[in-house]
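Please read the structure below before turning to the comments.
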Amino acid sequence: MGLAFFGLTPENAPQVRLNLFTQLHEIVFYGKGGYDWETVYNMPLWLRLFTLNKIKEHYEREAEAVENAQNNNGNTVMDSK
513 MGLAFFGLTP ENAPQVRLNL FTQLHEIVFY GKGGYDWETV YNMPLWLRLF TLNKIKEHYE
573 REAEAVENAQ NNNGNTVMDS K
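Spelled out as structure tokens, the structure:
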């Protein structure tokens, strides 16, 4: 008979830990000093996911703005004169 509760099993524990540490790293690194590791680690799950999604949205908008600016420049090659 299997386990009668929901939780980590030896098979999925490494992936769950990897996901957690990836979230922590992304928030601390891409938050550019706005968050420290301990604060992010102790955040409620819903807040950590919200923060991570907002950071991702910010960088997606930033990349889109850069791409639009490059496209608006006409992709011309400048002379080296």
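To convert, take the position in the sequence shown, counting from 1, and add 512; that gives the numbering used here.
Glycine is no exception: its CB is placed at the ideal position from the N, C-alpha and C atoms.
Do you know offhand how far LEU536's Cα is from LYS544's? 13 Å
For ARG573 and THR563, I'd like the C-alpha separation in whole angstroms. 15 Å
Short check: CB of LYS552 to CB of ILE539, under 8 Å? According to the sequence as given, residue 552 is Val; it is not Lys. In this structure, ILE539 lies closer than 8 Å to VAL552 by Cβ.
Going straight from the alpha carbon of ASN585 to that of GLU579, what length do you get? 10 Å
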